[in-house]
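Peer 1: As they're listed, the protein sequences go chains A and B.
The first sequence begins at 1 in my numbering and counts up one residue at a time.
The second sequence begins at 1001 in my numbering and counts up one residue at a time.
Positions of the beta carbon are idealized from the N, C-alpha and C atoms, including for glycine.
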Amino acid sequence: STSSFSYASYHTLEEIYSWIDNFVAEHSDIVSKIRIGHSFENRSIVVLKFSTGGPQRRAIWIDTGIHSREWITHATGIWTAKKIVTEYGKDRTLTDLLDAMDIFMEIVTNPDGFAFTHSMNRLWRKNKSTRPGIFCIGVDLNRNWKSGFGGNGSNNNPCSETYRGPSPQSEPEVAAIVDFITSHGNIKALISIHSYSQMLMYPYGHSSEPVPNQKELNDLAKDAAQALYEVHGIQYIYGSISTTLYVASGITVDWAYDNGIKFSFTFELRDTGRYGFLLPASQIIPTAQETWLALRTIMEHTLNHPY
Amino acid sequence: QMNFTGDQVLRVLAKNEEQLSLLRDLEGLKPQKVDFWRGPARPSLPVDMRVPFSELKDVKAYLGSHGLAYSVMIKDIQVLLDEEREAMAKSRRLER
């Protein structure tokens, strides 16, 4: 049962996967589990599907944990999944959304890396892929996408934390998402959640050129950041990735935008300079609560602005 | 489990592009030693980097010699990790 699960605590991969199974069993009318692939070390890559019916409906994609040491993102994803089922039928916006669209959530996007953070190195960021003749392990999964691959803000040195990998989508964790989203064909928003720095950003990362929908994305980011602020008074800055944070190539949201997903956003969750990746568990619920309002704002806009 | 006793996270505030460039040089000078939690991007953003205990003296000397102002964001990473592990264990007991 998920009733004894503490949403205010960090959990191992096994505990999260066990929670997912129980969660799906308890809410089988609205949630199902899809295995979209497997990791380099052959762990299952699992997606939760929230749906009230109908095939291939318009959908929203949310992923957390692509950088394995960013534990607050997995914890926020779990809380958010629970929030979706508890708010359906109560929250008008979410109910309208789920009556028309599906939500897909990938809570552990980098399972090998995440398991490694629990067993060997809490501060591991990349996946765990190895290649013959290469000493260093792992690829930065947020530099491995086929959009601006190999450009500035990524690294061709396998020992770098931002190593892009040998080729676009060479990593099974990335390829699984690409295959799933591409074959689905009706994903209208993609939100990739990272930590930390308190930012909400949209494409591009690989270029400082504004995207064609820059104004709409900026206005929406502003509204989402404001909704987030109103929960606990936490301020997020917002803007394009390249102008707000840094130039980064081969990243998730650039790929999403270039593949027709207009509402592509990435979060950097709490904090701004005290704990970094080691955010205490006591901040999981507040972080998730405020993130939810921002997510809800983006999801509502996606529902009301079909394209 | 890797031990991070004595490792620190330093927060550096670069004043200009030249200072950012000096921070980027650190990656080359200390390959795989300095782990940028927030990389050198622009002067308006702080740079956070995890420095192993064994490299602390060198890195702080490098920062000081180039006039790079810094503060200690996390004094001992292992202390936080121990607290985190204890909190998880406690929660696991309660869940059971």
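At which residues does the alpha helix (DSSP H) containing W71(A) begin and terminate?
Peer 2: W71 to E87
Peer 1: Starting from D1035(B), find everything on chain A with Cβ-Cβ shorter than 9 Å and list it in chain order.
Peer 2: L123, R125 and E161
Peer 1: Keeping to the same chain, check which residues put their C-beta closer than 7 Å to that of E290(A); ignore five residues upstream and five downstream.
Peer 2: L228, V231, H232 and I234
Peer 1: With burial defined as no fewer than 16 other Cβ atoms inside 10 Å of the residue's Cβ, what is the status of H305(A): buried or exposed?
Peer 2: Around the beta carbon of H305(A), a 10 Å sphere encloses fewer than 16 other beta carbons of the protein chains shown; the residue is thus reported as exposed.
Peer 1: Are the Cβ atoms of A1041(B) and L94(A) separated by less than 8 Å?
Peer 2: no
Peer 1: Between which two residues does the alpha helix (DSSP H) harbouring Y257(A) extend?
Peer 2: T252 to D258
Peer 1: Which residue marks the beginning of the beta strand (DSSP E) containing L48(A), and which one marks its end?
Peer 2: S44 to F50
Peer 1: For F180(A), name the three-state secondary structure that DSSP assigns.
Peer 2: helix
Peer 1: Quick test of the definition: if touching needs 3 or more C-beta pairs under 8 Å, does the region 181-190 of chain A touch the region 58-65 of chain A?
Peer 2: yes
Peer 1: Between which two residues does the beta strand (DSSP E) carrying H194(A) extend?
Peer 2: I187 to S195
Peer 1: Taking L1094(B) as the query, report the chain A residues whose CB atoms sit under 7 Å from its CB, ordered along the chain.
Peer 2: When 7 Å is used as the limit between beta carbons, L1094(B) is near these residues of chain A: S6, in chain order.
Peer 1: Given that a residue counts as buried once 16 or more other Cβ atoms are within 10 Å of its Cβ, and exposed if not, what is S1044(B)?
Peer 2: exposed
Peer 1: What residues in its chain sit with their C-beta under 8 Å from that of V76(A), if we drop five residues either side in the sequence?
Peer 2: Looking at the sequence provided, one finds Thr at residue 76(A) rather than Val. A distance below 8 Å between beta-carbons, with the five flanking residues on each side excluded, links T76(A) to the following residues of its chain, in chain order: T64, I193, L269, I284, T287, A288 and T291.
Peer 1: Does the distance from the C-beta atom of V253(A) to that of S264(A) stay below 8 Å?
Peer 2: yes
Peer 1: Which of helix, strand or coil does DSSP assign to F5(A)?
Peer 2: F5(A) falls in the coil class under three-state DSSP.
Peer 1: Would you mind working out which of M101(A), R35(A), F23(A) and V108(A) sits nearest V85(A), comparing C-alpha positions?
Peer 2: F23(A)
Peer 1: Could you run through the region 1066-1091 of chain B and flag, in chain order, every residue whose CB is less than 8 Å away from some CB of chain A?
Peer 2: M1073, I1074, I1077, L1080, L1081, E1083, E1084, A1087, M1088 and S1091
Peer 1: What is the DSSP secondary structure of D1035(B), counted as helix, strand or coil?
Peer 2: strand
Peer 1: Look at I107(A) and L190(A) and say whether their C-beta atoms are less than 8 Å apart.
Peer 2: Here I107(A) is not near L190(A), since their CB atoms are 8 Å or more apart.
Peer 1: What is the rounded straight-line gap between the Cα of K90(A) and the Cα of L1094(B)?
Peer 2: Each residue's alpha carbon lies about 30 Å from the other.
Peer 1: Among P111(A), E216(A) and H74(A), which one has its Cα closest to the Cα of G138(A)?
Peer 2: P111(A)
Peer 1: Please confirm whether N121(A) and H67(A) have their CB atoms less than 8 Å apart.
Peer 2: no
Peer 1: Using C-beta distances below 6 Å, list every residue in its chain close to D1035(B), excluding the 5 sequence neighbours before and after it, in chain order.
Peer 2: So the qualifying residues of the chain are R1050.
Peer 1: Report yes if the C-beta distance between G273(A) and D1048(B) is below 8 Å; otherwise report no.
Peer 2: yes
Peer 1: What does the alpha-carbon distance come out to for the pair Y10(A) and S39(A)?
Peer 2: 22 Å
Peer 1: Would you say Q1001(B) reaches chain A, if we count a Cβ-Cβ gap shorter than 8 Å as a contact?
Peer 2: With 8 Å as the cut-off, Q1001(B) counts as an interface residue toward chain A.
Peer 1: If the cut-off is 8 Å on Cβ atoms, which residues from the region 263-279 of chain A count as contacting chain C, listed in chain order?
Peer 2: Among the protein chains of the structure shown, namely A and B, there is no chain C.
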